[in-house]
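Just so we're aligned, residue 0 is where the first sequence starts under numbering that gives the first Met the number 0, counting upward by one.
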Amino acid sequence: MIDLRILRAEPETVRASQRLRGDDVSLVDAALALDERRRAALTRFETLRAEQKSIGRGVAKAAGDEKAALLARAKTLADEVKAAQADADAAAVELDEVTMRIGNLVIDGVPAGGEDDYVVLRHVGTPRDFAAEYGPDFAVRDHLDLGELLGAIDTERGAKVSGARFYFLLGVGARLELALLTAAQNMAVEAGFVPVVTPTLVKPEIMRGTGFLGAHADEIYRVDADDMYLVGTSEVALAGMHADEILDLSTAPRRYAGWSTCYRREAGSYGKDTRGIIRVHQFNKVELFTYTSVDDAEAEHERLLALEERMLQLVELPYRVIDVAAGDLGSSAARKYDCEAWLPSQQRYLELTSTSNCTTFQARRLGIRERTASGETRTAATLNGTMATTRWLVAMLENHQQADGSVHVPAGLRPYLGGLEVLTPVDAGGRA
RNA sequence: GGAGGGCUGGCUGAGCGGCCGAAAGCGACGGUCUUGAAAACCGUUAGGGCGGUGUCCCCGUCCUCAAGGGUUCGAAUCCCUUGCCCUCCGCCA
């Protein structure tokens with residue numbers, strides 16, 4: 000939710016942001032008009048209510064005729080107050096409906112446009128030239144071929160048990176995922192993040208508060224019998240953790256590294272990435288989440304990005320960093336950086352991390368505030384970023400494959416795999 | 001699943017339907033005392049909306065005692081509904 004005070008004080012800033020996002024600019028003026036109406040209705044109600052309270056106090060002290068007269072006046076006032084309150088409430092609801100549809104204020108420098116208008120900030124690492132290494136006839140294996148050779152991924156049985164977009168990770172697949180996530184959480188802990196294992200079922204108000212019931216409502220699994228939602232990321236639980244709290248962020252931000260399973264319906268992506276485990280209904284993720292003061296938010300965003308990049312470098316993946324365009328930010332983010340790893344089998348980049356600076360947008364709706372040094376309260380800023388996910392296995396298998404179908408294990412992960420240096424194909428028996 | 005109990009300020013915990021946004025204690029913060037600290041003593045201490053003058057300090061007013069309805073001139077206090085928490089029993093792990 001955007002700040003109404005900014006909307007009133009600098010409507011042109013908000014309009015410009017809406018324009019950059021390609022969103023409806025007229026919402027700004029609609030909100031301003033409704034705000035005007037709401038404040039007028041509120042003043043009317045308050046005036047009447049103040050009189051009612053004052054007369055009410057008089058009733059208690061008065062007696063006889065005087066009391067009767069006051070009671071008569073109070074009776075008519077009671078109805079007027081009730082009506083005025085209904086007016087003010089209705090105006091507030093209408094205003095809320097409109098302001099909820101306005102996206103977060105985009106930060107200066109974010110590229111305009113939609114999904115394809117991102118700006119590439121840098122490339123790190125170099126994609127391998129398999130033809131040069133193994134000869135022109137070498138056929139690059141995709142992650143599913145490799146995963147099956149290694150006895151690491153079984154999508155057929157995943158489908159048998161749970162349907163399309165489900166899978167089993169087994170053998171070195173299971174070990175590799177645990178190694179990756181453990182390494183990620185350890186790196187985050189060393190950087191000062193508190194490790195957390197979060198709930199994955201949350202109440203409606205938390206899901207709504209984090210903004211995931213808006214445009215992305217179709218993506219979310221709902222457990223009907225209990226009116227709960229399965230989270231698509233631990234960001235939901237981590238943001239909800241301090242809802243309606245006033246935090247002391249004066250000495251340091253609150254930093255968490257949440258480990259959770261994530262669930263996504265992938266409604267709307269029929270036929271897209273259907274092979275393997277690129278796009279699945281269930282996966283695991285270590286997510287960075289920071290509560291900080293709004294002044295520090297942009298610097299923290301750079302820190303999160305730097306940590307993500309360190310993790311990508313630990314597992315030796317070639318990647319690029321993009322500054323996501325305004326129209327592709329989603330309503331909460333004021334800026335978003337994605338890291339995309341090279342995917343040899345498809346000759347394209349695949350998103351592995353995404354870090355968003357939500358400034359005060361998410362925190363305002365969740366009632367997350369901080370106590371400033373001068374003792375005042377103000378809305379905190381929240382940021383999140385991906386430290387590692389199951390999807391990383393896709394890029395790791397493909398980029399680290401060798402001619403015989405074995406897969407090189409990055410040195411940084413070996414401590415988590417008992418020193419294992421190479422994942423080697425199993426014979427047919429390994430899968431059966 | 002069955003039976004009870006309960007939701008009040010950072011915490012504990014009072015609160016006859018009418019100066020109750022709320023006693024008291026703890027904690028926190030400031031001060032006195034002290035070489036310093038502790039103790040003691042004094043003081044301050046919920047959040048938010050709107051308006052005003054002001055604009056690094058205030059003033060007025062309204063809302064909030066789990067949420068939403070209702071009764072009443074007036075609700076933290078009475079009634080209803082919902083949610084959540086706790087205890088005991090049963091069942092399952």
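Even for Gly, the Cβ is constructed at its ideal location relative to N, Cα and C.
Point to revise | Euclidean distance between Cα positions of Asp64 and Leu41 | key: 33 Å
Exercise for review: Between the Cα of Gly366 and those of Tyr228, Asp243, Leu175 and Ala87, spot the shortest distance and give me the residue it belongs to.
Suggested key: Asp243
Point to revise | Where Ile5 falls, given that 16 or more other Cβ within 10 Å makes a residue buried | key: exposed
Point to revise | Contact under 8 Å by Cβ, Arg263 with Glu218 | key: yes
Exercise for review: Output the distance between the C-alpha atoms of Lys60 and Ala91, rounded to the nearest integer angstrom.
Suggested key: 36 Å
Check your understanding: My guess is that Gly113 and Asp327 are in contact by the Cβ rule of under 8 Å, so how many angstroms apart are they, rounded?
Key -> 6 Å
Review point. In chain order, what residues of the same chain lie with their CB nearer than 8 Å to the CB of Val123, ignoring the 5 residues before and after it?
Key: Glu308, Leu311, Gln312, Pro317, Tyr318, Arg319 and Val320
Practice item. Please confirm if the region 143-157 is in contact with the region 355-366, defined as three or more CB-CB distances below 8 Å between the two stretches. Key: no
Check your understanding: Mind checking whether Tyr220 and Arg253 have CB atoms under 8 Å apart?
Key -> no
Point to revise | Chain-order list of residues whose beta-carbon lies under 8 Å from that of Val222 (same chain, five-residue window excluded) | key: Leu200, Tyr228 and Leu229
Exercise for review: Within 10 angstroms of the Cβ of Val314, are there 16 or more other Cβ atoms? Answer buried if so, exposed if not.
Suggested key: buried
Review point. Which same chain residues, not among the five before or five after Gly429, have their C-beta less than 6 Å away from its C-beta?
Key: Residue placement at Gly429 is flagged as unreliable, the pLDDT there being 48, under the threshold of 50; the coordinate-derived value follows with that caveat. So the qualifying residues of the chain are Gly150.
Exercise for review: Determine the DSSP secondary structure at Arg356, reduced to helix, strand or coil.
Suggested key: It should be pointed out that residue 356 corresponds to Asn in this sequence rather than to Arg. The answer is strand: DSSP assigns Asn356 an E or B state.
Check your understanding: By Cβ distance, which residues of its chain are closer than 8 Å to Tyr348, with the 5 residues on each side in sequence left out?
Key -> Tyr318, Arg319, Glu339, Ala340, Trp341 and Leu342
Review point. In whole angstroms, what separates the C-alpha of Met395 from that of Ala178?
Key: 12 Å
Practice item. Please list the segments of the beta strand (DSSP E) lying wholly inside the region 316-373, counting only runs of 3 or more residues, in order along the chain. Key: 318-322, 334-342, 347-356 and 368-370
**Study point:** Classification of Pro414 by the beta-carbon crowding that lies within 10 angstroms, buried from 16 upward
**Key:** exposed
Point to revise | Pairwise C-alpha distance: Met386 and Ala324 | key: 22 Å
Practice item. Starting from the C-beta of Glu50, find all residues in its chain whose C-beta is less than 7 Å away, skip the five residues before and the five after it, and write them out in chain order. Key: Leu76
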